[in-house]
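As structure tokens, the structure follows; a few thoughts come after it.
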Amino acid sequence: MKNNIRVERAIKNITQGELAEQVGVSRQTINTIESNKYVPSTVLALKIARVFGKPLEEVFMLEEGD
């Protein structure tokens with residue numbers, strides 16, 4: 001699964017740490033999600049999308065074979 005978290009953070013001008021605080025996880029968790037090393041839970045993905053005011057599908061996208 002791919003994501004646009006880095007782009008969305010830049011648009012909102014927030015750091016990984018600020019996003020992490022808003023959704024209740026560590027900065028390292030946001031970093032691993034942005035790097036596509038970790039797929040977030042449904043609840044966490046929904047929280048992240050809510051911070052950006054976007055539908056889930058605009059922040060997270062399935063890749064071929066997912």
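Numbering-wise (the UniProt record's numbering), the sequence shown opens with residue 1 and increments by one. Built from N, CA and C at the ideal position, the CB exists for glycine as well. Predicted model only: the values in this text are computed from it and were never measured.
If you draw a straight line from the alpha carbon of residue i to that of residue j, how long is it in whole angstroms?
i: R6; j: E57; result: 15 Å
i: Q16; j: E63; result: 24 Å
i: V43; j: S26; result: 15 Å
i: I33; j: V39; result: 6 Å
i: K54; j: L19; result: 14 Å
i: V51; j: N3; result: 14 Å
i: E8; j: S35; result: 14 Å
For residue i, count neighbouring Cβ atoms within 10 angstroms of its own Cβ and tell me buried if that reaches 16, exposed if not.
i: K30; result: The sequence as given places Ile at residue 30; Lys does not occur at that position. Buried, by the Cβ-count rule.
i: I48; result: buried
i: A45; result: buried
Quick check on residue i: does DSSP put it in helix, strand or coil?
i: N4; result: coil
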